[in-house]
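Number 336 marks the last residue of the sequence shown (numbering that gives the first Met the number 0); no jumps.
I have placed the structure first, in the form of structure tokens, so that the comments after it can refer back to it.
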Amino acid sequence: MKKVRIIAEAGVNHNGSIDLAKNLVRVAASAGADIVKFQTFNASELIAAGAQKAAYQEKNTAAGDQLEMVKGLQLSLDDHHTLAGLAAMLGITFLSTPFDHGSVDMLEAFNMPFYKIPSGELTNAPLLKYIASKGKPVVMSTGMAEMEEIRAALDILESSGLQHKDITLLKCTTDYPTPYSDAQLLGMLTLKEKFDTPVGYSDHTSGIEVPIAATALGAQVIEKHITLDRALPGPDHAASIEPAELAQMVRSIRNIEKALGNGAISPTPTEIQNRTVARKSIHTAHLIEGGKILGSEDLVMKRPGDGISPMELDKVLGKKAAKDLGTEHKLSWEDLE
0 MKKVRIIAEA
10 GVNHNGSIDL
20 AKNLVRVAAS
30 AGADIVKFQT
40 FNASELIAAG
50 AQKAAYQEKN
60 TAAGDQLEMV
70 KGLQLSLDDH
80 HTLAGLAAML
90 GITFLSTPFD
100 HGSVDMLEAF
110 NMPFYKIPSG
120 ELTNAPLLKY
130 IASKGKPVVM
140 STGMAEMEEI
150 RAALDILESS
160 GLQHKDITLL
170 KCTTDYPTPY
180 SDAQLLGMLT
190 LKEKFDTPVG
200 YSDHTSGIEV
210 PIAATALGAQ
220 VIEKHITLDR
230 ALPGPDHAAS
240 IEPAELAQMV
250 RSIRNIEKAL
260 GNGAISPTPT
270 EIQNRTVARK
280 SIHTAHLIEG
290 GKILGSEDLV
300 MKRPGDGISP
310 MELDKVLGKK
320 AAKDLGTEHK
330 LSWEDLE
């Protein structure tokens, strides 16, 4: 099984502060995440003036429209270099999600291992084509999407030069935070079945249970928003996990990876050692004189399991005792004739 790639989604939870952004990189690296991801955009190209905010954005941000909110969350080119350099120093992969052509071009300089397409851009055909033209693998979230929309997005990516095997789909619910009843975790398996791609889960629930469960179901990528403090102002903090939770999530995912194994049904070396202790052997139920024909009333199944197995009982019944046998004597084939 391939190692699950854990993306710590810093997103816009830096609130426009490079110092806060750097701390998010440190948190992600310290927790053992594979990737720390930000968002790259030009606010005026992303949002039209007067566009309204989503309900969760209204709740978690100051007054103003969506454009005003996002303008304060942009990272400069210098910021990107600073964060990428810090990530490299700390041994974690730097990634950022582009929301426009110019952002794609800017991110080309950062040698990212793949492009992440967010749920909101799944129907943005020009951007899908442009990202595919770069020839890098793609991880695409599918929040808000109908099945036919996902198929259409895949068709665009592949017709624009991307190979099917290089596309990973993430089940996602675009609601911050997502109620557990809306997480639709099994939808990840539906994506795998219907589109024959690697799959993962981009989670917006409040806890860490869903990413852990997704790992157990075969997710190859897990994405989770992180914050230094859920009480901070900003659109995504309330639906993010704090540093201690991120560390626990990473540990749990790595433990589940180990527990999944390779699908083989065979005893482990330790289990083989424990067989004698845990299994039973055929023992005598009472004193038996030599020459007695053994019946079921003469025998009992007790630990340890290093004698004749109870699976061989039919071969023992009807045999004669070769000598006198004491109570709770563990039978051997030499005891029988």
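The beta carbon of each residue, even a glycine, is placed where N, CA and C say it ideally should be.
Whole-angstrom C-beta distance between residue j and residue i, which should lie under 8 Å
i, j, result
"M248", "I211", "7 Å"
"L66", "A42", "6 Å"
"K319", "E336", "5 Å"
"T216", "L184", "The sequence given here has Leu at residue 216, not Thr. So it is a contact: roughly 7 Å between Cβ atoms."
"I340", "I34", "Any question about residue 340 goes unanswered here, given that the chain covers just 0 to 336."
"E222", "I6", "4 Å"
"S280", "S308", "7 Å"
"Q219", "R4", "7 Å"
"I166", "T196", "5 Å"
"A20", "L89", "A20 to L89, Cβ: 13 Å. No contact."
Residue i to residue j span [Cα, whole Å]
i, j, result
"D202", "C171", "6 Å"
"S205", "G233", "16 Å"
"N109", "N22", "Sequence check: residue 109 is Phe here, not Asn. Each residue's Cα considered, the two are about 20 Å apart."
"A53", "Y175", "10 Å"
"T267", "K291", "41 Å"
"G84", "R229", "26 Å"
"K164", "H224", "26 Å"
"T177", "D305", "54 Å"
"T226", "R274", "48 Å"
"A144", "S265", "42 Å"
"E57", "T39", "22 Å"
"A27", "L231", "18 Å"
"L72", "S180", "31 Å"
"T214", "K191", "14 Å"
"T283", "A30", "58 Å"
"D64", "D18", "26 Å"
"K70", "T269", "59 Å"
"E244", "V299", "52 Å"
"H236", "G10", "10 Å"
"T122", "I252", "31 Å"
"E107", "S132", "12 Å"
"Y200", "K314", "55 Å"
"A238", "V276", "49 Å"
"S158", "G142", "22 Å"
"G15", "F113", "24 Å"
"Q51", "M68", "10 Å"
"G49", "Y55", "17 Å"
"E44", "N254", "43 Å"
"I207", "E327", "52 Å"
"E256", "L188", "17 Å"
Cut-off 7 Å between Cβ atoms - residues of its own chain near residue i, not counting five sequence neighbours on either side
i, result
"L316", "L293, G294 and S295"
"G186", "K170"
"P8", "Sequence inspection shows Glu at residue 8; the Pro mentioned does not correspond to that position. Contacts found: K36, E222, K223, H224 and I225."
Cβ shell of residue i (< 6 Å), same chain only, five flanking positions each side left out
i, result
"M111", "L94"
"K329", "S280, H282 and G306"
"E120", "L126"
"K301", "K279 and H282"
"P303", "T275"
"L312", "none"
Cutoff 8 Å; reference residue i; Cβ partners in own chain excluding five residues on either side
i, result
"A321", "G289, E333, D334, L335 and E336"
"F194", "I149, R150, L153 and L168"
"M105", "T39, L76, H79 and P97"
"R250", "G31"
"A182", "T172, D202, T204 and V209"
"H13", "L19, A20, L23, F37, L72 and L74"
"A87", "F93"
is_contact[residue i, chain C] using C-beta, thresh 8 Å
i, result
"R150", "Among the protein chains of the structure shown there is no chain C, as only one such chain exists."
Practice task
Answer yes if the region 124 to 142 comes into contact with the region 91 to 103, meaning at least three C-beta pairs across the two stretches below 8 Å, and no otherwise.
Solution key: yes
Exercise for the section: Could you pull out every unbroken beta strand (DSSP E) segment of at least 3 residues lying fully inside the region 90 to 144, listed in chain order? Expected result: 92 to 97, 114 to 116 and 137 to 140
Practice task
Tell me, please, whether the region 129 to 140 touches the region 73 to 90 by the rule of three or more beta-carbon pairs shorter than 8 Å.
Solution key: Contact annotation: the region 129 to 140 does not touch the region 73 to 90, with fewer than three C-beta pairs closer than 8 Å.
Exercise for the section: Could you say if the region 249 to 269 and the region 277 to 291 meet the contact criterion of at least three C-beta pairs nearer than 8 Å? Expected result: Touching, no.
Practice task
Scan the region 215 to 241 and note each continuous beta strand (DSSP E) run of 3 residues or more that stays entirely inside, going in chain order.
Solution key: Assignment of beta strand (DSSP E) within the region 215 to 241, counting only whole runs of 3 or more residues, yields 220 to 224 in chain order.
Problem - Secondary structure, alpha helix (DSSP H): runs of 4+ residues fully inside the region 12 to 97 - result: 17 to 30, 42 to 45, 54 to 59, 65 to 70 and 76 to 89
Practice task
Could you tell me which uninterrupted beta strand (DSSP E) segments, each at least 3 residues in length, are contained entirely in the region 155 to 187, listed from first to last along the chain?
Solution key: 166 to 171
Handout entry: Whole beta strand (DSSP E) elements within the region 232 to 307, 3-residue minimum
Key = 280 to 283 and 298 to 301
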